[in-house]
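A quick write-up on the structure given underneath.
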Amino acid sequence: MANEWGPLEKLAGEWEGEKGGLDTAFSHSKGEVLGTPYREKCTMKPFGPVDNGKQSLYGLDYKSAMWRDEGNPFHTEVGYWLWDAATGEIMKGFVVPRGITVLAGGTTDADSVSFSLKAALGDPQYNIGENKYLAKNASSLSYLVNITIGDDTWSYDEVTMLRMNEFAEPYAHTDHNTLHRVG
Ligand code: HEM
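Mapping to numbering that gives the first Met the number 0: the sequence shown position 164 is 163, numbers consecutive.
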């Protein structure tokens, strides 16, 4: 049998990205869309199995933080990556401490090194939850992340579509980074 963590196996460990990340977001303090390079640290710890009846999941418990330069991170996430070997379902459930929760999902193969996960507001499975203020003023309509895994490195490229009061059309809040193994 292949390893229980499937495509998540290579993501276990400690990771860093040195100012290679790039965020595009609307800055309220500047009143415009800014492209911001960022540094990142991420830890992913294996756990499992977690059984739901006949379903058996293995996962990674993760924390990530992104910084502009020094000082406090400008974005953090805590959550779980999950893998169901029986169906090839892969999931990333996480919280962004703006008052947003996301369960993104997709399907892939156990030995895959490239896959995508999606979530959307109101989707019956892969959903986005948000606080009342954000629902009114800066609502997260959808989330898509593409993952590419190499040897001791991995990359993500993600797009969160936001309905913001400042724009007539949904706006693409994008982030990408390449992380390197440090542990
Ligand atoms: C690497 C990932 C991410 C980074 C580095 C990041 C960073 C940022 C930054 C710098 C802002 C602008 C804050 C400001 O100056 O006003 C922002 C806004 C926002 N982000 Fe992200 N973000 C990331 C991922 C996400 C994800 C995954 C979601 C939701 C699923 C999200 C939802 C939002 C929302 C709703 C706002 C708007 C808040 C407002 O305008 O009032 N972000 N983000």
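Here a beta-carbon is modelled for each residue, glycine too, at the ideal position from N, C-alpha and C. Values in this document were obtained by computation on a predicted structure and should not be read as measured data.
Quiz item: Okay, do the segment 108-126 and the segment 37-49 touch, 3+ Cβ pairs below 8 Å being the bar?
Solution: Result no; under three Cβ-Cβ pairs closer than 8 Å.
Self-check item: the segment 120-127 in contact with the segment 4-24 per 3-pair CB rule at 8 Å
Solution: They do not touch, by the three-pair rule.
Exercise. Use the C-beta contact count for residue 85: other C-beta atoms within 10 angstroms, 16 or more gives buried, fewer gives exposed.
Key: Within a 10 Å sphere around the beta-carbon of residue 85 sit fewer than 16 other beta-carbons, which makes this residue exposed.
Self-check item: DSSP three-state assignment for residue 98, whether helix, strand or coil
Solution: Reduced to three states, the DSSP call for residue 98 is coil.
Practice problem: Could you spell out where the alpha helix (DSSP H) holding residue 133 opens and where it closes? | Solution: In the DSSP assignment, residue 133 falls within the alpha helix (DSSP H) that extends over 131-136.
Quiz prompt | Where the beta strand (DSSP E) containing residue 159 begins and where it ends | solution = Secondary structure note for residue 159: its beta strand (DSSP E) is the uninterrupted segment 152-163.
Quiz item: Should residue 81 and residue 52 be called a contact, given that it needs their Cβ atoms to be closer than 8 Å?
Solution: In this structure, the beta-carbon distance from residue 81 to residue 52 does not fall below 8 Å.
Quiz item: Any heavy atom of ligand 1 within a distance shorter than 7 Å of the CB on residue 161?
Solution: For ligand 1, at least one heavy atom lies less than 7 Å from the Cβ of residue 161.
Quiz item: Are the C-beta of residue 65 and some C-beta of chain D separated by less than 8 Å?
Solution: No chain D is present in this structure, which holds just one protein chain.
Quiz item: Do you know offhand how far residue 138's Cα is from residue 172's?
Solution: C-alpha separation (whole angstroms): 11 Å.
Quiz prompt | Segment limits, beta strand (DSSP E) that includes residue 17 | solution = Residue 17 -> beta strand (DSSP E) spans 12-26.
Exercise. Label residue 147 either buried or exposed according to how many other C-beta atoms from any shown protein chain fall within 10 Å of its C-beta, with 16 as the threshold for buried.
Key: Around the beta carbon of residue 147, a 10 Å sphere encloses fewer than 16 other beta carbons of the protein chains shown; the residue is thus reported as exposed.
Quiz item: Below 8 Å, can you find three or more Cβ-Cβ pairs linking the segment 97-108 to the segment 59-71?
Solution: With fewer than three CB-CB distances shorter than 8 Å, the segment 97-108 does not count as touching the segment 59-71.
Quiz item: Between residue 128 and residue 150, what straight-line distance do the alpha-carbon atoms span, to the nearest angstrom?
Solution: Each residue's Cα considered, the two are about 34 Å apart.
Practice problem: Return the first residue and the last residue of the beta strand (DSSP E) that residue 35 is part of. | Solution: 31-51 is the extent of the beta strand (DSSP E) around residue 35.
Quiz item: Got a sec, what are the start and stop residues for the beta strand (DSSP E) residue 62 sits in?
Solution: Boundaries of the beta strand (DSSP E) around residue 62: 54-66.
Quiz item: Quick one: Cα of residue 159 to Cα of residue 74, how far?
Solution: Between the alpha carbons of residue 159 and residue 74 lies a distance of about 14 Å.
Exercise. Confirm the yes/no value for this check: CB of residue 119, any heavy atom of ligand 1, distance under 7 Å.
Key: Not so, every heavy atom of ligand 1 lies at least 7 Å from the Cβ.
Quiz item: Considering residue 83, what are the terminal residues of the beta strand (DSSP E) in which it resides?
Solution: Where residue 83 is concerned, the enclosing beta strand (DSSP E) stretches over 74-83.
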